[in-house]
Structures are given as structure tokens and as C-alpha cells.
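Novice:
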Amino acid sequence: MSVFPFSAQDGTYYADRVVTFTGPLDNCKKGLEMVFEKMRKCAELDQQNFQVLWAGLYNH
Numbered sequence: 001m002s003v004f005p006f007s008a009q010d011g012t013y014y015a016d017r018v019v020t021f022t023g024p025l026d027n028c029k030k031g032l033e034m035v036f037e038k039m040r041k042c043a044e045l046d047q048q049n050f051q052v053l054w055a056g057l058y059n060h
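Using this note's numbering, you'd call the opening residue of the sequence shown number 1 and step up by one each time.
#1: Looking at Phe50 and the ligand SAM, is the gap between the Cβ and the nearest heavy atom below 7 Å?
#2: So, using beta-carbon positions, are Val19 and Val35 closer together than 8 Å?
#3: When you compare only the Cα positions, how much space is there between Gln47 and Lys41?
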């Protein structure tokens, strides 16, 4: 089984953002959950870093 979250055109333009899961459905589900967890952690870290980076701009 393969999971394609993007269209074929997106795969052409954003090849570095395409993730393909193959194998049994349960394994694909576990892989997808692992990727989502990693993305969530990275997004939270980015948000924290952004707040620190721009904290001085809005404290007048």
C-alpha cells in the first residue's frame, strides 16, 4: 500500500516534501503517526524559536 498526500504535480515541484509509505496498512499507519509526531515537535520548536527571535520587536 502507498499513501500519497499530494498530487503527482506536487511531487514534481516539491520532491523533498513527498513521503511514501509502502507495506501493510498497519505499518503505514505507524509510519504516518511517527512522521506527524516529528512534524509537530519541529513546528513547536520553530514557534518557540520565532518568539525568541522577534520578542524584542514588540516590547515597546
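Yeah, the Cβ is synthetic: ideal placement off N, Cα and C, and Gly gets one too. Computed from a predicted structure; not experimentally measured.
Specialist: Quick answer:
#1: The ligand SAM is absent from the structure shown, which contains no ligand whatsoever.
#2: What you label residue 19 is simply residue 19 of the sequence shown in a count that begins at 1. What you label residue 35 is simply residue 35 of the sequence shown in a count that begins at 1. In contact: Val19 and Val35 (Cβ atoms closer than 8 Å).
#3: In the sequence shown, counting from the first residue as 1, residue 47 sits at position 47. In the sequence shown, counting from the first residue as 1, residue 41 sits at position 41. Taking the straight line from one Cα to the other gives about 10 Å.
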